[in-house]
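Residue numbers (the numbering used here), protein chains in the order written: chain A, 1 to 101; chain B, 102 to 361.
Note that beta-carbon positions come from the ideal geometry of N, C-alpha and C, so glycine has one too.
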Amino acid sequence: MTLWLIVIIASLACLSLKIAGYLVPASFLEKPAPARIANLLTVALLAALIAVQTLGAGSRIVFDARLPAVAVAALLLALRVPFIVVVIAAAATAALIRAVF
Amino acid sequence: MARTEPGPSDDDQGREVAPTAATTWSGEDRAVARKGVAVGLAAAAYGISYGALAVAAGLDVWQTCVMSLLMFTGGSQFALVGVIATGGVAAGPAAIASAAILGIRNGIYGIRVAPIVGAGRWRRLAAAWVTIDESTAVATTQSTLRTQRIGFWVTAVSVFVGWNLTSLIGALIGNALGDVRTYGLDAAAAAAFLGLLWPRLRQLQTIAVATAAAVIATVTTPVLIPGLPVLVAGIVAVIVGGFNWFGSRNPQPEPPGIPT
């Protein structure tokens with residue numbers, strides 16, 4: 001298997017999955033339970049992604065500069081600081097901690 | 102562009118869902134558009150780290166860019182690059198599986214945002230292509246169908262342009278840049294997702310689901326292959342949503358994107 005084949009197969013798989021979602025009939029979401037689940041799924045997947053991106057390193061859990069950076073982001077979000085400022089502040093926090101320690 | 106041609110034309114159908122410069126935007130419209138552009142800028146910031154990591158893993162510049170154009174889903178791209186970095190081409194099947202498993206959530210997002218996007222085969226194909234965490238999150242946190250649509254498309258186009266540009270830049274300068282963690286670019290991605298989730302954390306039910314999902318993803322990361330912990334955490338939403346645990350007694354206001 002070449003690197004190109006890996007890239008193409010994985011890309012087409014991801015694109016097909018996106019299209020598959022749009023093929024689910026809209027009536028599916030008219031019932032309260034599926035609508036609620038679909039809403040909560042986006043919340044659960046985002047929260048899980050944040051956890052993995054903050055603490056994951058391959059298949060290990062690591063506590064490093066990312067955790068205080070995300071904590072700073074949470075604090076700034078609570079203070080209603082604009083989104084882009086929050087992202088930059090988080091990156092700066094991690095960079096600063098790594099530069100100092 | 103002013104429409105001076107008299108009489109109806111096919112082109113006029115659905116013109117209102119793709120606002121042109123001539124359409125007047127309310128303050129609320131402009132606010133969501135600004136948010137979409139800001140999300141695009143944030144994604145661009147960690148696009149550099151993707152490009153740099155991809156080249157470091159052994160992909161060439163073309164392969165790095167084809168992934169951003171065709172796959173266009175950051176989590177899957179980082180996962181594939183991560184597996185290749187540790188296992189090389191021999192780990193191809195695992196790399197494809199990781200990318201695809203992480204990509205499943207975009208399919209779930211598609212179910213949710215399809216009613217927001219509206220009808221039309223080509224529009225839906227374009228929408229599916231750019232259905233990702235960011236466009237879904239901005240769209241679904243808006244309160245009217247119009248701002249949901251604006252949020253979806255502005256975010257989608259901003260992220261698509263920003264992500265692809267900085268993937269290329271990252272791939273080109275990656276080796277000169279050194280370790281992207283020095284600049285905290287890995288933390289930027291997590292912070293951006295937190296910013297997208299934040300407006301949803303208003304009701305007890307969403308807070309409970311988010312907390313449980315984060316804990317489950319963390320706990321299962323050491324024992325499952327990359328990509329799976331995020332999906333396993335999604336089961337929380339199915340259980341809590343199915344039984345409506347922590348749900349408010351009053352029926353929740355249905356998202357306006359869903360025709361009732």
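Going by DSSP, what residues sit across from G57/A in a beta bridge?
-> The sequence as given places Ala at residue 57/A; Gly does not occur at that position. Paired residues: R60/A.
With a cut-off of 8 Å, does the C-beta of L79/A fall near any C-beta of chain B?
-> no
Look at the Cβ atom of A44/A, then the Cβ atom of G335/B, and state whether they are nearer than 8 Å.
-> With contacts defined as CB atoms closer than 8 Å, A44/A and G335/B qualify as a contacting pair.
Chain A within 8 Å of Q243/B, Cβ atoms only = no
Reference L41/A, options A313/B, A289/B, I209/B, closest by Cα = Cα-wise, what sits closest to L41/A is I209/B.
Would I75/A count as contacting chain B if we go by Cβ distances under 8 Å?
-> One detail in the question is off: residue 75/A reads as Leu in this sequence, not Ile. No - not a single Cβ of chain B is within 8 Å of the one on L75/A.
Output the distance between the C-alpha atoms of V118/B and Q249/B, rounded to the nearest integer angstrom.
-> Any reading at V118/B is ruled out, since the residue's pLDDT is 48, under 50, leaving its predicted position unreliable.
Mind checking if R224/B is an interface residue toward chain A, Cβ cutoff 8 Å exclusive?
-> no
Where F347/B and V7/A are concerned, what is the direct C-alpha to C-alpha distance, given to the nearest angstrom?
-> 42 Å
Candidates G252/B, T245/B, A215/B, G159/B, of which the one nearest A192/B by Cα | G159/B
Could you tell me which of I251/B, L154/B, T242/B sits nearest to W126/B, measuring between CA atoms?
-> I251/B
Assigned secondary structure, P32/A (DSSP; H/G/I helix, E/B strand, else coil) | helix
So the alpha helix (DSSP H) P330/B belongs to, where does it begin and stop?
-> 329 to 344
Count the C-beta pairs between the stretch 258 to 272 of chain B and the stretch 142 to 152 of chain B that are closer than 8 Å, then say yes if the count reaches three, no if not.
-> yes
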